[in-house]
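**Q** Got a structure for you, questions after.
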Amino acid sequence: MDIARFDKGFSKSLKWDPASKVWWTKEPNALSAVIQAAQERSKGIALSPVADQMFREVGARAAEDAEKAAKEKAEATRIAVERAQAVVEASRQADVDYEPPAPLGQSYLPFQKAGVKFALDRYAEGWPGVILGDAMGLGKSVQLAGIINEIDPSEGRILVTCPAFLKLNLKREIEKWDTRGRSVAIWDTKQQPDADVIVVNYDIVHKKGIVEKLRGEEWALLACDEAHYLKNVKAKRTQVVLGDFAYRDPKVGLPSKRRLLMSGTPLTNRPKELFPLVKTCMSKTAAVKAPDGQDITKAFTAFWNPSRPQDSFAGRFCGGQQGRFGLECDGSSNLDELQFGLRSSFMVRRLKEDVLKELPPKVRQIVEVSADDPEAKAALKNEVKARENAEKTIADLKAKAELAKAEGRDAYKKAVEAMKVGVAASIGEMAKARHEVALAKVPAVIEQINSVLEEEAAVVVFGHHRDVIAKISEAFAGDVGVITGDTPMQDRQDLVDAFQAGKFRVMVGNIQAMGVGLTLTRASTVVFAELDWVPASMSQAEDRCHRIGQESNVLVLHVVLDGSMDAGMAKKLVAKQDVIDRVLDREDPEAEEKAEAALSRQETEVAEVSKGFEVPDYKVAATAEVIERELPGKSKALTPSDIDDIHAALLEIAGTCDGARAEDGRGFSKVDSAIGRTLALSDGLTPKQAVLGLSLAHRYRRQLPDDLKARIAAVRKSVDEAGKDEAGEEGRKRDPFAKAKEMKTSKELERGKVTERKVKDVAW
Numbered sequence: 001m002d003i004a005r006f007d008k009g010f011s012k013s014l015k016w017d018p019a020s021k022v023w024w025t026k027e028p029n030a031l032s033a034v035i036q037a038a039q040e041r042s043k044g045i046a047l048s049p050v051a052d053q054m055f056r057e058v059g060a061r062a063a064e065d066a067e068k069a070a071k072e073k074a075e076a077t078r079i080a081v082e083r084a085q086a087v088v089e090a091s092r093q094a095d096v097d098y099e100p101p102a103p104l105g106q107s108y109l110p111f112q113k114a115g116v117k118f119a120l121d122r123y124a125e126g127w128p129g130v131i132l133g134d135a136m137g138l139g140k141s142v143q144l145a146g147i148i149n150e151i152d153p154s155e156g157r158i159l160v161t162c163p164a165f166l167k168l169n170l171k172r173e174i175e176k177w178d179t180r181g182r183s184v185a186i187w188d189t190k191q192q193p194d195a196d197v198i199v200v201n202y203d204i205v206h207k208k209g210i211v212e213k214l215r216g217e218e219w220a221l222l223a224c225d226e227a228h229y230l231k232n233v234k235a236k237r238t239q240v241v242l243g244d245f246a247y248r249d250p251k252v253g254l255p256s257k258r259r260l261l262m263s264g265t266p267l268t269n270r271p272k273e274l275f276p277l278v279k280t281c282m283s284k285t286a287a288v289k290a291p292d293g294q295d296i297t298k299a300f301t302a303f304w305n306p307s308r309p310q311d312s313f314a315g316r317f318c319g320g321q322q323g324r325f326g327l328e329c330d331g332s333s334n335l336d337e338l339q340f341g342l343r344s345s346f347m348v349r350r351l352k353e354d355v356l357k358e359l360p361p362k363v364r365q366i367v368e369v370s371a372d373d374p375e376a377k378a379a380l381k382n383e384v385k386a387r388e389n390a391e392k393t394i395a396d397l398k399a400k401a402e403l404a405k406a407e408g409r410d411a412y413k414k415a416v417e418a419m420k421v422g423v424a425a426s427i428g429e430m431a432k433a434r435h436e437v438a439l440a441k442v443p444a445v446i447e448q449i450n451s452v453l454e455e456e457a458a459v460v461v462f463g464h465h466r467d468v469i470a471k472i473s474e475a476f477a478g479d480v481g482v483i484t485g486d487t488p489m490q491d492r493q494d495l496v497d498a499f500q501a502g503k504f505r506v507m508v509g510n511i512q513a514m515g516v517g518l519t520l521t522r523a524s525t526v527v528f529a530e531l532d533w534v535p536a537s538m539s540q541a542e543d544r545c546h547r548i549g550q551e552s553n554v555l556v557l558h559v560v561l562d563g564s565m566d567a568g569m570a571k572k573l574v575a576k577q578d579v580i581d582r583v584l585d586r587e588d589p590e591a592e593e594k595a596e597a598a599l600s601r602q603e604t605e606v607a608e609v610s611k612g613f614e615v616p617d618y619k620v621a622a623t624a625e626v627i628e629r630e631l632p633g634k635s636k637a638l639t640p641s642d643i644d645d646i647h648a649a650l651l652e653i654a655g656t657c658d659g660a661r662a663e664d665g666r667g668f669s670k671v672d673s674a675i676g677r678t679l680a681l682s683d684g685l686t687p688k689q690a691v692l693g694l695s696l697a698h699r700y701r702r703q704l705p706d707d708l709k710a711r712i713a714a715v716r717k718s719v720d721e722a723g724k725d726e727a728g729e730e731g732r733k734r735d736p737f738a739k740a741k742e743m744k745t746s747k748e749l750e751r752g753k754v755t756e757r758k759v760k761d762v763a764w
């Protein structure tokens with residue numbers, strides 16, 4: 001076709017459509033004419049002015065479109081990077097204007113609120129999973145509970161997977177923070193009870209009979225604690241929980257609407273171990289950006305791409321390359337880009353130094369371990385039996401001693417001596433049983449230490465028995481220092497210096513030898529494998545790490561066997577230590593006394609709330625208030641009618657007593673049962689026995705009919721007055737300062753008091 005014809009016909013028929021970015025024409029041969037003109041133009045052949053102008057317009061419009069497209073792309077990238085940066089900042093946030101649901105009396109720390117909101121926002125944006133990567137001690141389980149509280153029960157049940165040594169703690173933490181009345185149950189190989197929240201340990205998720213149930217429903221939330229346990233793609237637990245990543249199209253793992261992966265060490269020195277967690281959290285639609293706005297989504301979804309390594313996780317972040325024997329990807333690369341991608345998508349992580357101002361100097365946690373293995377079960381059974389025998393023996397001996405008060409001084413002294421011997425023997429049996437429990441829980445202690453070392457550079461461990469310390473140290477041979485009472489003083493300091501210098505990571509010792517005078521501030525986590533009865537000894541041991549030179553807060557972990565004496569003891573110790581710490585913070589010289597008073601007030605408040613609903617579980621016999629030497633004077637105040645009323649009152653109370661606290665709130669408590677029943681079932685009471693019985697009738701007076709209660713109150717009043725008179729007369733006989741106390745002048749009276757105090761000190 002010639003150019004003249006092009007000029008006259010086709011060029012005039014071409015119309016530009018800016019929306020579709022195409023030329024339109026009604027001429028059927030326009031395309032061939034344009035192609036011919038373009039070819040001639042490219043060869044340098046001059047075109048007609050019309051054709052040349054057309055091509056100039058085409059080029060200009062193409063350039064405009066390209067420039068506009070570039071600007072739009074740059075703006076979209078800028079917006080995406082800004083948004084990604086905002087999410088990165090949210091992943092580090094220590095506070096937020098949001099209140100997760102919490103039960104009465106519980107409150108989240110500010111950074112915990114921010115963690116809950118971050119996860120909820122990511123779910124709302126379509127991310128199926130979130131990595132909660134806060135450092136150890138920042139309360140990941142509390143944040144889990146907050147997320148659970150925000151999920152409507154109608155969406156389905158919650159599944160929590162974790163190491164075996166944490167399942168009991170997680171169960172109790174979720175129950176403690178629950179606001180929706182959800183039930184929580186632990187599954188094992190024998191029992192899988194129905195509940196709203198199921199807690200199961202990694203060791204059994206693949207077991208027959210359990211894996212089928214786990215796959216049989218879509219969970220509203222799958223929460224994986226210590227998620228780094230799922231880093232090995234070949235492990236059965238990883239394949240069951242997260243999916244089989246060995247296939248090009250991996251199996252999806254346990255079906256769930258949301259996933260929460262909790263780990264203080266999600267990113268290790270080998271990034272390849274992070275891929276199962278990343279793949280689990282990836283959205284099918286959302287994009288992952290690098291700090292410069294580059295789209296790196298493909299690197300978060302495919303582990304290896306030999307043709308384009310930079311579009312794969314192994315190639316981009318693990319230094320991956322094809323070697324002689326296959327893929328080599330044990331290295332690391334572009335870690336800043338990886339962290340940005342994680343934080344801008346689905347990972348929230350705060351370190352202790354990020355939230356140090358919100359944390360108390362010490363955080364104490366009780367890690368309760370269930371007795372799953374035969375050795376632990378047997379040890380716990382023996383301890384329970386020893387405790388029950390001891391309680392019965394001591395209660396019986398106390399009852400005999402109390403009853404002996406009415407038989408005269410010689411009988412009473414013999415009963416007290418017998419009680420001392422019996423109590424000592426019972427305590428010895430309990431100590432032996434506690435020792436067995438301590439040995440049985442050593443595997444759990446070792447697992448807890450390993451968990452700490454996943455996140456921390458060092459850890460300090462305290463025990464009591466030498467064989468417990470030996471077993472723990474054997475597990476960390478070559479990476480441990482040991483200090484016991486047998487360690488020479490110079491060797492102790494050498495070990496401390498080596499630990500502080502980083503020559504080994506674990507320092508183990510007993511509370512007495514290593515608990516005072518040493519500085520172990522390289523570690524900020526303390527693990528107690530065994531406990532001391534005295535709060536001050538425990539606090540001193542903690543302070544080996546919490547002292548000058550410590551730049552972090554100190555996390556104290558008490559590992560106890562559920563149902564053991566240590567479990568109850570740990571709770572009391574921690575409560576008492578916390579109260580003491582709060583008072584000590586005020587620099588009060590009477591801190592410990594005030595702390596004891598505060599604890600006493602707390603116990604009194606509990607008793608007041610319970611009034612009228614149940615019999616208080618008294619730990620001291622009611623008859624303990626009766627002093628043996630006061631019995632003669634008090635018994636003289638009783639008439640035969642008074643004695644009959646006391647006996648009737650005891651029979652009334654004993655009528656509903658089965659030797660323990662009755663479920664309807666009636667009867668004697670355990671400590672008073674033997675005394676009360678013995679007196680009630682006797683043919684008649686002597687006056688001295690009646691005085692003992694009166695103290696019981698007064699303690700349990702709310703169980704008596706109103707008329708009998710009134711008579712007992714009157715008898716109590718007259719006996720108390722008689723006791724005061726007797727004590728006054730006896731006191732004047734015994735007290736060399738009685739005459740001074742009757743002096744009229746305050747000056748002489750004050751002098752008498754001072755002298756009396758000095759003499760008492762000498763007597764003691």
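Residues in the sequence shown are numbered consecutively from 1, following the working numbering. Cβ atoms here follow ideal geometry from the backbone N, Cα and C, with glycine treated the same way.
Using CA coordinates, which residue listed in Gly243, Gln512, Ile394 and Leu260 is at the minimum distance from Glu429?
**A** Within the sequence shown, residue 429 is the residue found at index 429, counting from 1. If we check each option's Cα against that of Glu429, Ile394 comes out closest.
**Q** Assign Met569 to one of three DSSP states: helix, strand, or coil.
**A** Here residue 569 corresponds to residue number 569 of the sequence shown, with the count starting at 1. DSSP places Met569 in helix when its eight states are reduced to three.
**Q** Measure how close the beta-carbons of Phe165 and Glu447 come, nearest whole angstrom, since I'm counting them as under 8 angstroms.
**A** Walking along the sequence shown from the start, residue 165 turns up at place 165. Walking along the sequence shown from the start, residue 447 turns up at place 447. Between Glu447 and Phe165 the Cβ distance is about 5 angstroms, and since that is below 8 angstroms, they are a contact.
**Q** Taking the beta strand (DSSP E) that Gln321 belongs to, which residues open and close that run?
**A** The sequence position of residue 321 within the sequence shown is 321, counting from 1. Per DSSP, Gln321 belongs to the beta strand (DSSP E) from Gln321 to Gly323.
**Q** Note the first and the last residue of the continuous alpha helix (DSSP H) segment covering Thr297.
**A** Here residue 297 refers to the residue found at position 297 of the sequence shown. Start and end: Thr297 to Thr301.
**Q** Provide the residue span of the beta strand (DSSP E) that contains Cys224, from first to last.
**A** The residue given as residue 224 occupies position 224 in the sequence shown. Segment Leu221 to Cys224, the beta strand (DSSP E) holding Cys224.
**Q** Please list, in chain order, all residues of the same chain as Gly612 whose beta carbon is under 8 angstroms from its beta carbon, the five residues on each side excluded.
**A** Along the sequence shown, read from residue 1 onward, the residue named residue 612 stands at position 612. The pLDDT assigned to Gly612 is 34, lower than 50, so where the model puts this residue is not dependable, and the model offers no usable value.
**Q** Between Leu277, Pro255, Leu254 and Val252, which lies nearest to Met262 when the distance is taken from Cα to Cα?
**A** Sequence index remark: in the sequence shown, residue 262 carries index 262 (1-based). With distances taken between Cα atoms, Met262 lies closest to Leu277.
**Q** Within its chain, find whatever has a CB closer than 7 angstroms to the CB of Val416; leave out the 5 residues flanking it on each side and keep chain order.
**A** Translated into the one-based positions of the sequence shown, residue 416 becomes position 416. If we look at Val416 and ignore the five residues flanking it on each side, its Cβ neighbours are Ala401.
**Q** Identify every run of the beta strand (DSSP E) within the region 122-186, keeping only runs that are complete inside it and at least 3 residues long; order them along the chain.
**A** Here the runs fully enclosed are 129-132, 158-162 and 184-186.
**Q** Please report the Cβ distance between Phe245 and Lys279, rounded to the nearest whole angstrom; I am assuming they are in contact, meaning their Cβ atoms lie under 8 angstroms.
**A** By 1-based counting over the sequence shown, the position of residue 245 is 245. By 1-based counting over the sequence shown, the position of residue 279 is 279. Yes, they are in contact, since the Cβ atoms of Phe245 and Lys279 sit about 7 angstroms apart, within 8 angstroms.
**Q** Give the secondary structure of Leu694 by DSSP, where H, G and I count as helix, E and B as strand, and everything else as coil.
**A** Taking the sequence shown and counting its residues from 1, the one referred to as residue 694 is at position 694. Note: Leu694 maps to helix in three-state DSSP.
**Q** Tell me, please, whether the region 124-132 touches the region 92-110 by the rule of three or more beta-carbon pairs shorter than 8 angstroms.
**A** No contact exists between the region 124-132 and the region 92-110.
**Q** I want to know whether the region 537-556 touches the region 511-528 - three or more CB-CB distances under 8 angstroms.
**A** The region 537-556 is in contact with the region 511-528.
**Q** Leaving out five residues before and five after Gly422 in sequence, what residues of the same chain have Cβ atoms less than 6 angstroms from its Cβ?
**A** Along the sequence shown, one-based indexing puts residue 422 at 422. So the list reads Thr393 and Leu397, once near-sequence residues are dropped.
**Q** Can you tell me whether Gly341 is buried or exposed? The criterion is at least 16 other CB atoms within 10 Å of its CB, across all chains shown.
**A** Translated into the one-based positions of the sequence shown, residue 341 becomes position 341. Under this definition Gly341 is a buried residue.
**Q** Just the Cα atoms here: how many angstroms apart are Phe737 and Lys636?
**A** Counted from its first residue, the sequence shown places residue 737 at position 737. Counted from its first residue, the sequence shown places residue 636 at position 636. Summary for Phe737: the model assigns pLDDT 46, below 50, so the residue's position carries little reliability, and this model does not support an answer.
**Q** Would Leu696 and Ala622 be called neighbours here (beta carbons separated by less than 7 angstroms)?
**A** Indexing the sequence shown from 1 puts residue 696 at position 696. Indexing the sequence shown from 1 puts residue 622 at position 622. Contact: yes.
**Q** Less than 6 angstroms between C-beta atoms, sequence neighbours within five positions excluded: which residues of the same chain meet that for Gly146?
**A** Here the question's residue 146 lines up with position 146 in the sequence shown. If we look at Gly146 and ignore the five residues flanking it on each side, its Cβ neighbours are Pro100 and Val116.
**Q** Please go through the same chain and pick out, in chain order, the residues whose beta-carbon is closer than 8 angstroms to the beta-carbon of Pro443, but skip the five residues on each side of it.
**A** The sequence position of residue 443 within the sequence shown is 443, counting from 1. Only Asp373 meet the Cβ criterion.
**Q** Going along the chain, which residues of its own chain have a beta-carbon closer than 8 angstroms to the beta-carbon of Ala763, five neighbours each way excluded?
**A** Reading the sequence shown from its first residue, position 763 is the one you call residue 763. At Ala763, the pLDDT of 28 sits below 50, so the modelled position is not reliable and the matter cannot be decided from this model.
**Q** Could you check which residue in Val719, Lys503, Gly568 and Asp497 has the C-alpha nearest to that of Asp532?
**A** Position 532 of the sequence shown holds residue 532. Per the Cα distances, Gly568.
**Q** Going by the beta-carbon positions, is the gap between Val482 and Val506 smaller than 7 angstroms?
**A** Residue 482 sits at position 482 when you count from the first residue of the sequence shown. Residue 506 sits at position 506 when you count from the first residue of the sequence shown. For Val482 and Val506, no; Cβs fall outside 7 angstroms.
**Q** To the nearest angstrom, report how far apart Leu138 and Ala223 are at their CA atoms.
**A** In the sequence shown, the residue the question calls residue 138 occupies position 138. In the sequence shown, the residue the question calls residue 223 occupies position 223. Approximately 17 angstroms between the Cα atoms of the pair.
**Q** Can you tell me which of Asp566, Thr265 and Pro266 puts its alpha carbon nearest to the alpha carbon of Val369?
**A** To locate residue 369, count along the sequence shown from 1; it is residue 369. Ranking the options by Cα distance to Val369, first place goes to Asp566.
**Q** As a quick exercise: from Gln294, Ala94, Glu150 and Ala102, pick the residue whose alpha carbon is nearest that of Ala74.
**A** Here residue 74 refers to the residue found at position 74 of the sequence shown. When each option's Cα is compared against that of Ala74, the closest is Gln294.
**Q** Exposed or buried, Asn334, counting other C-beta atoms within 10 Å across all chains shown (16 or more means buried)?
**A** Position 334 of the sequence shown, counted from the first residue, corresponds to residue 334. So Asn334 ends up on the buried side.
**Q** Residues in the same chain with beta-carbon distance under 8 angstroms from Ile204, minus the five sequence neighbours each way, listed in chain order, please.
**A** The sequence position of residue 204 within the sequence shown is 204, counting from 1. For Ile204, where only same-chain residues beyond five positions count, the Cβ hits under 8 angstroms are Trp187, Asp188, Thr189 and Ile210.
**Q** Let's test the definition: count the other Cβ atoms within 10 Å of the Cβ of Ser20 and tell me whether it reaches 16, buried, or not, exposed.
**A** What you label residue 20 is simply residue 20 of the sequence shown in a count that begins at 1. Per the 10 Å Cβ criterion, exposed.
**Q** Could you check the C-alpha separation between Pro306 and Arg324 for me, to the nearest Å?
**A** Position 306 of the sequence shown, counted from the start, is the residue given in the question as residue 306. Position 324 of the sequence shown, counted from the start, is the residue given in the question as residue 324. The straight-line gap from Cα to Cα measures roughly 14 angstroms.
**Q** Rounded to whole angstroms, what's the CA-CA distance from Ala386 to Val719? Just pull it up for me.
**A** For this step, residue 386 is matched to residue 386 along the sequence shown. For this step, residue 719 is matched to residue 719 along the sequence shown. Going by the C-alpha atoms only, they are around 40 angstroms apart.
**Q** Can you tell me which of the three DSSP states Asp17 falls into?
**A** Position 17 of the sequence shown, counting from 1, holds the residue named residue 17. Asp17 falls in the strand class under three-state DSSP.
**Q** So, helix, strand or coil for Ile483, using DSSP?
**A** Sequence index remark: in the sequence shown, residue 483 carries index 483 (1-based). Correct three-state label for Ile483: strand.
**Q** Considering only the alpha carbon of each residue, which of Arg270, Met282 and Val288 lies closest to Asp330?
**A** Position 330 of the sequence shown, counting from 1, holds the residue named residue 330. Ranking Arg270, Met282 and Val288 by Cα distance to Asp330 puts Arg270 first.
**Q** What's the gap between the Cα of Ile198 and the Cα of Gln191?
**A** Counting from 1 along the sequence shown, the entry for residue 198 is found at position 198. Counting from 1 along the sequence shown, the entry for residue 191 is found at position 191. One C-alpha to the other measures close to 12 angstroms.
**Q** Below 8 angstroms CB to CB, which residues in the same chain sit around Glu150 once its five sequence neighbours on both sides are set aside?
**A** Position 150 of the sequence shown, counted from the first residue, corresponds to residue 150. Excluding sequence neighbours, Glu150 sits near Pro100, Pro101, Val116 and Leu120.
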